[in-house]
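The block underneath contains the structure these notes are about, expressed in structure tokens.
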Amino acid sequence: MLHIFVCEDDAVQRKTVVRTIYNTVLIEGLDMRLVLDTADPCELLEAVRASRETGIYFLDIDLKCDMNGMKLAQQIRKLDPRCFIIFITAHSELSYMTFQYRVEAMDFILKDNPAEAGVKIRECLFHAWERHTLQTNKVHKTYTIEIGERKISVDYQDILFFETSGNVHKVVLHAKDRQIEFPGTMKELESALDDGFVRCHRSFLVNRNNIKEVDTKNRIIYLVNGETCLMSTRMRKEI
Amino acid sequence: MNPYLSLLFPFFLVAITIRNVWPQKMGLKAFAALYALMVCAALPIPLLTFKQYGLFCVLLAVCLYGLITDRDTRPENICMTFFGLVFAIILDNVSSGLRSLLPFEIPGENPYAAFCDAALRVILTYAVTLLCGKAIRRKLLNRKGLWQIQQVWYLIDVALLLLFILYFLHTGVRADMVSAAGLIYYNAVFFAGYLLVAVFLALMMQRARHEKMRTETRQRAFQDLQEYTRSLEAMYDGLRSFKHDYINILSSLSGYIENGDMEKLRGFFEEKILPTKNLITQGDYKLNQLGNIAVLEIKSLLSAKMIYAHEMGIDVTIDIPDHITCFFVDTVDLARILGIFLDNAVEAALETAHPEVGLNIIRNPDTVAVVISNSLQDSGLALHKLNRQGFTTKAGHQGIGLANAQRLIRSYENILWETTVQDGCFTQYMEIVRGKE
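Encoded structure:
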């Protein structure tokens, strides 16, 4: 069961949003419930504190109040870390990217076109539902890189291999559609990761599950996306 | 005559010469100080076997004097010291030559005649050097053209110093009747000196080059900033004209309302007012947000690239919500990295149907995050090949841009760098952590 919260200072617009949500949940038979719609962010926070379920939050950014949508979202994220936050706003003073970065906002709906906004609200509900079921049904192991106060998590299944960089204190993570170069050492990685990862070479730490084939003659490992990494003779029997 | 006393007069002449060719006006006090310094430095001369070394001592003393006083003309001071010394010696030779041409002998024992001779020499030296000094100041020390470059003066200084060292050593060696060991010793001294001079020269060149690069960057930053200002002004003008239109629109609206003409009002609204929505959103690419960056070089670079992207018809989004004063890495390096990323973003975006480029800089308590994203034509781009030197998607390019950026980023331990390709969107993300110092 997902709980839905709406915070919007304009009563007319709030009604429109609520109606769309209500209809979608009813028609599609989603396991969700609209718990609260309000203009007061403090009231919303109280409700979040009381709630034990994961929530979906539709927030306006400009709330005509000392707390704006961004601060509200940050508070909510603290109370309900796995929640889904969607911003509904008229002005795009801050772009989508900042919201995504700061509070991992799921989407960003502009209300200057009511019809389109309705469609997007529906999409967001579906999307949240999908992600929610995925999270609860399957427990992914993830590797988390921490830098400053920022955390980047990568699913084990997406990781292809780690590689040393030219800098002794930096390592490169190769994943399916991303590459991250971060401060760290192979030694630290080896102890942090599980058995799925094998140190196949002095400068490579490969994910066993993403190997496509091994060319033992030339000592090259081919991975599922076509990338290659090297293998040393000594480590051959490990794979 | 006392050897110490016999030194006083020639040094007085030398001091006068130097005073008159000195780059700055030298008062009586400064002159006295200079003279005293020279005499002090000359004190050991009578004790030395080779008088030349003593002269060298004096020369060094005067150079030191030039380095300490009148600091803004240091290299000129030293140069003029050398010049003054040579000039004094030449004048002395000339005056001796002239004296030997005289039809009568100057009686050496007559104190009156000796005094006249000395006075005459002082006056002659003073007059000639004063004239020459004025000419030199006008021609060379005017700080125009080549002469305004300090390095040129240092070069001249070094050349003169070398010449003097050579001269002194040469005469010294000759007087020594050279033993093999002595020769080696002099050579060693000479080459050590030469090495020092060479190192000094190299350092000077290095500094000059650095200075030049800095000026160039400044210049470019300045030009970019001018462009930025122009764009802001254009945006402001657009806004002003809209304000003007807005009043007109309001008055026509009130006209329709007064008449109660709902049909015409609807038509007017749909035809005239709704399209103004585009007017506001279009062209408003939040260039003003760049004002939040207090690092001049970065701001100018970003503005130049973003203005260019906008002019190419790309939908540009800039979002810099916080004031940023420091990026925790070398500004020149960061500018190079960002330049490469933005150039690539613009080029890749232009290949798509709806080109978009986003720039996002966010400040956190301990980090600064820079996100550059662009729309991407999905052509099965292999991410892992991207950073390799020589990899390029463009014909006629070398593919060194990203490889360079990678090298630069790698040299910093406090940068996390993530490259992502997702849903037709290519993102370069950098998180720069405050250094530990």
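Chains as they are written, first to last, in this note's numbering: chain A, 1 to 239; chain B, 1 to 437. In this text, a Cβ means the ideal position worked out from N, Cα and C, and glycines have one as well.
1) Kindly indicate which three-state DSSP category N37(A) falls into: helix, strand or coil?
2) If you draw a straight line from the alpha carbon of I409(B) to that of T419(B), how long is it in whole angstroms?
3) Against chain A, does E413(B) count as a neighbour if the rule is that its beta carbon must be under 8 Å from one of theirs?
4) Please tell me whether T331(B) has its Cβ less than 8 Å away from any Cβ of chain A.
5) What three-state label does DSSP hand Y412(B) in the structure shown?
6) Report the neighbours of S165(A) on chain B: residues whose CB is nearer than 7 Å to its CB, in chain order.
7) Give me the Cα-Cα distance between I220(A) and Q422(B), rounded to the nearest whole angstrom.
8) How should G69(A) be labelled, buried or exposed, when 16 other C-beta atoms within 10 angstroms of its C-beta is the threshold for buried?
9) So with Cβ pairs under 8 Å, would you call T217(B) a contact of chain A?
10) Taking Cβ-Cβ distances below 8 Å as the criterion, which residues of the stretch 340 to 359 of chain B are in contact with chain A?
11) When you compare each of L13(B), C116(B), Y236(B), T276(B) to T129(B) by their alpha carbons, which one comes out closest?
12) Spell out the partners DSSP gives N209(A) in its beta bridges.
13) Chain B partners of K241(A), CB-CB under 7 Å?
14) Which residues of chain A have a Cβ atom closer than 7 Å to the Cβ of V433(B), listed in chain order?
15) For C116(B), does the three-state DSSP call read helix, strand or coil?
16) Decide if the stretch 286 to 299 of chain B is in contact with the stretch 264 to 273 of chain B; the criterion is three or more beta carbon pairs, one per stretch, under 8 Å apart.
17) Tell me which same chain residues have a C-beta within less than 6 Å of the C-beta of L121(A), skipping the five on either side of it?
18) Could you give the DSSP three-state label for D92(B): helix, strand or coil?
19) With a threshold of 8 Å between beta-carbons, can L163(B) be considered close to chain A, or not?
20) Taking DSSP as the reference, what is the three-state secondary structure of W417(B)?
21) Look up E163(A) in the DSSP assignment and say whether it is helix, strand or coil.
22) Quick one: Cα of N225(A) to Cα of E227(B), how far?
23) Let me know if A128(A) comes out buried or exposed under the rule of 16 or more other beta-carbons within 10 Å of its beta-carbon.
24) With L28(B) as the anchor, note down where its beta strand (DSSP E) starts and where it stops.
25) Beta-carbon within less than 7 Å of A41(B)'s beta-carbon, same chain only, minus the 5 sequence neighbours each way: which residues are those?
26) Residues of chain B with CB closer than 8 Å to the CB of T98(A), please, in chain order.
27) Name the chain A residues that come within less than 9 Å of Q422(B), Cβ to Cβ?
28) Flag Y101(A) as yes if its beta-carbon sits less than 8 Å from any beta-carbon of chain B, otherwise no.
29) Please classify I314(B): does DSSP put it in a helix, a strand, or coil?
30) Could you name the residues of the stretch 54 to 87 of chain A whose beta carbon sits closer than 8 Å to any beta carbon of chain B, in the order they occur along the chain?
31) What are the boundary residues of the beta strand (DSSP E) that L376(B) is part of?
32) From L195(B) to L166(B), what distance separates their C-alpha atoms?
33) Please say whether L160(A) and N218(A) have beta carbons closer to each other than 8 Å?
34) Whose Cβ in chain E lies nearer than 8 Å to the Cβ of E270(B)?
35) If you reduce the DSSP assignment to three classes, tell me which class T142(A) lands in.
36) Residues of chain B with CB closer than 7 Å to the CB of E213(A), please, in chain order.
Taking the geometry as given:
1) Sequence check: residue 37(A) is Asp here, not Asn. Residue state for D37(A) is assigned as strand, using DSSP reduced to three classes.
2) Rounded to the nearest angstrom, the two C-alpha atoms are 13 Å apart.
3) It does; some Cβ of chain A falls within 8 Å.
4) False, the Cβ-Cβ gap to chain A never drops below 8 Å.
5) It is coil, neither helix nor strand.
6) In chain order, R410 make up the part of chain B whose C-beta sits under 7 Å from the C-beta of S165(A).
7) So the two alpha carbons sit approximately 28 Å from each other.
8) Around the Cβ of G69(A), a 10 Å sphere holds 16 or more other Cβ atoms; the residue is buried.
9) No - not a single Cβ of chain A is within 8 Å of the one on T217(B).
10) Those would be G358, in chain order.
11) Comparing Cα positions, the closest option is L13(B).
12) DSSP, once it has assigned bridges, lists no residue as partnering N209(A).
13) Only positions 1 to 239 of chain A appear in the structure, and residue 241(A) is not among them; the question remains open.
14) Against chain A, a Cβ distance below 7 Å from V433(B) picks out I147, G148.
15) Helix, per DSSP.
16) Of all C-beta pairs linking the stretch 286 to 299 of chain B to the stretch 264 to 273 of chain B, fewer than three are shorter than 8 Å, placing the two stretches out of contact.
17) One detail in the question is off: residue 121(A) reads as Ile in this sequence, not Leu. T20, listed in sequence order.
18) D92(B) falls in the helix class under three-state DSSP.
19) Taking Cβ atoms only, chain A never reaches closer than 8 Å to L163(B), which makes this a no.
20) In this structure, W417(B) counts as strand in the three-state DSSP scheme.
21) Strand, per DSSP.
22) N225(A) and E227(B) have their C-alpha atoms spaced approximately 44 Å apart.
23) Residue environment for A128(A): buried (at least 16 other C-beta atoms within 10 angstroms of its C-beta).
24) First-last for L28(B): 28 to 42, but that is the alpha helix (DSSP H), not the beta strand (DSSP E).
25) Around A41(B): C57, V58, A61.
26) In chain order: D319, P321, N360, I362.
27) Here the neighbours are D177, R178.
28) Yes, Y101(A) counts as interfacial toward chain B.
29) Coil at I314(B), not helix or strand.
30) Identification of residues in the stretch 54 to 87 of chain A having a C-beta nearer than 8 Å to some C-beta of chain B yields an empty set.
31) Where L376(B) is concerned, there is no enclosing beta strand (DSSP E), given that its DSSP letter is neither H nor E.
32) Just so you know, the alpha carbons of L195(B) and L166(B) end up roughly 14 Å apart.
33) No, they are not a contact pair.
34) In the structure shown, chain E cannot be found, because the protein chains are A and B.
35) Look at T142(A) here: in three-state DSSP terms it is strand.
36) Neighbours of E213(A) on chain B: none; closest Cβ ~17 Å, over 7 Å.
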